[in-house]
Amino acid sequence: MDTEAPSTRMSNFFPLTKRVSVNIGGDPPAFVKARLPFGTHESVVSCIQHLQEWTITETVKVVVADIRYMMRTRKQLFKRLKVAEAMRAFISQHPGGIEELRAQLEKVET
């Protein structure tokens, strides 16, 4: 029975990524190979160089802070989407809804 040996090439497991070599400095110079999605902005690659000086604790603090920020941003986005959905429903049920909303807004602003 001829069975094909399992692949050990990373590109077979991650076909939509590219390998990027990053010089993280030092004497002698050290290089890191990272697999990033095609189209990754060059600024992302340059950020990898700064990570060499971080401890695990610092890295965890930054990751936790970023996750909290993303959760807050997500929450705000959903609130805005609910407002937009309510406005869309109001306008669709009231043909003159836009003018009515504009008039109410002008009253509030004065």
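The opening position of the sequence shown corresponds to residue 1 in UniProt numbering, with each subsequent residue numbered one higher. Quick reminder that beta carbons are idealized off the backbone N, C-alpha and C, glycines included. As the structure is a computational prediction, the values presented were derived from the model and not from experiment.
Handout entry: Glu85 and His94 closer than 8 angstroms at C-beta
Key = no
Handout entry: DSSP state of Ala103 mapped onto helix, strand, coil
Key = helix
Problem - The alpha helix (DSSP H) enclosing Asp66, as first and last residue numbers - result: Ile56 to Gln93
Problem - Glu4 (DSSP reduced to helix, strand or coil) - result: coil
Problem - Whole-angstrom distance between Thr57 and Arg74, CA atom to CA atom - result: 26 angstroms
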